[in-house]
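Report on one structure; see the data block that follows.
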Amino acid sequence: MTRMIRTPAAFALALAAGPLALTGPAPAASDGGAALSPPAKGLETWDTTPLYSDWRMSGILGGTVLSRDGDAVGIVHDATIGTTGLIETIVVRAARTDGALGWFEVPWTQADINPATGSVELGLDTEAVASRLEMVTDAAPEPMDWTARELLDLRVTLADGTGAVDDLMFNPAGDLTAYVVDLTQTQAMYALPWTAGTVARDDEVVTFAYPRTMVVGTTPFVYGDVTPASDG
1 MTRMIRTPAA FALALAAGPL ALTGPAPAAS DGGAALSPPA KGLETWDTTP
51 LYSDWRMSGI LGGTVLSRDG DAVGIVHDAT IGTTGLIETI VVRAARTDGA
101 LGWFEVPWTQ ADINPATGSV ELGLDTEAVA SRLEMVTDAA PEPMDWTARE
151 LLDLRVTLAD GTGAVDDLMF NPAGDLTAYV VDLTQTQAMY ALPWTAGTVA
201 RDDEVVTFAY PRTMVVGTTP FVYGDVTPAS DG
């Protein structure tokens, strides 16, 4: 399966039509399979301590985007994520010279996140950003990926419980490490390994094989203990 690269014009059309969505069905691991289905990790042996040094996806969405010159050139509208859980690009929203909004993607390797503010500095100068906004290229096929906003909108299904995704944790290399989930009939948040979730696009659900009692008793997660970048 392939998708079409989202050019600035494509982002504008997608937003006009409603929530940002991919342009085709997600790839399947096998016939009839789900898109994101890495091997499961047992909660009993999973150490959540490293998560408190990671960053929250919600901490960069909406954050200020700076050029290499230090000029504010837009905001982080979204991020694209490959099926292995690696953040591939930052989607920037900015004003064009005619006053209209434009969107373009910058490789994750060219984006430098400030952990104190949640702002993102691009490896582009201000003039290059302006040129990128005005440029409309022909779409070309590219492997299917997800957007951060899509994953944040997922519902959660456990072996015997339900909930919703509240946030995504990722490390400085851009690897997603965990879902933070809000379970029904609980007052706390819980972390679940990225590698244990199976995402089904048609149902907009991420499924975990863990029973609810195991999650509640093993992986409570406190946002207040996360690094400052999560406060954005």
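Take the sequence shown: its letter number 171 is residue 171 in my numbering, and every next letter is one higher.
For every residue, glycine included, the Cβ atom is placed at its ideal position computed from N, Cα and C.
| Check | Outcome |
| --- | --- |
| Supposed contact pair S53 and D167 - C-beta distance, whole angstroms, cut 8 Å | 15 Å between Cβ atoms; not a contact. |
| Inside the stretch 38 to 125 only - alpha helix (DSSP H) runs reaching at least 4 residues | none |
| Top-ranked residue by Cα proximity to T207, from G217, T219, V216 and W194 | W194 |
| Other residues of its chain near V215: CB distance less than 6 Å, five sequence neighbours each side excluded | Y190 |
| Same chain only: Cβ atoms within 7 Å of L86, ignoring 5 sequence neighbours per side | G174 and D175 |
| Residue(s) in a DSSP beta bridge with A164 | R155 and D182 |
| Top-ranked residue by Cα proximity to G70, from T147, G161, A196 and G123 | G123 |
| Beta carbon proximity, G224 to chain D, threshold 7 Å | Looking for chain D here will not work: only one protein chain is present. |
| First through last residue of the alpha helix (DSSP H) which encompasses T233 | Nothing about residue 233 can be read from this structure; the chain reaches only from 1 to 232. |
| Beta-bridge pairing of T147 - partner residues as DSSP gives them | T80 |
| Residue from I113, T177 and A116 with nearest C-alpha to G197 | T177 |
| Identified DSSP bridge partners for V129 | Answer is none; V129 lacks a bridge partner. |
| C-alpha distance - V222 paired with L154, whole-angstrom precision | 20 Å |
| Range covered by the beta strand (DSSP E) that runs through A196 | Here A196 belongs to no beta strand (DSSP E), and DSSP marks it neither H nor E. |
| Member of I75, S119, A159 and R149 whose CA lies at the smallest distance from the CA of V92 | I75 |
| Rounded separation between P107 and D202 - CA only | 28 Å |
| Alpha carbon of P220 to alpha carbon of L133, nearest angstrom | 42 Å |
| Residue range of the unbroken beta strand (DSSP E) whose run includes V222 | Note, V222: premise wrong, no beta strand (DSSP E); not H, not E. |
| Beta-carbon contacts of A188 that lie in its chain and below 6 Å, excluding the five residues immediately before and after | P220 |
| Exposure label - G233; buried when at least 16 CB within 10 Å | Coverage of the chain is limited to positions 1 through 232, which leaves residue 233 absent and any answer about it impossible. |
| Own chain, CB closer than 7 Å to F104, minus 5 neighbours either side, in chain order | P8, V92, R132 and L133 |
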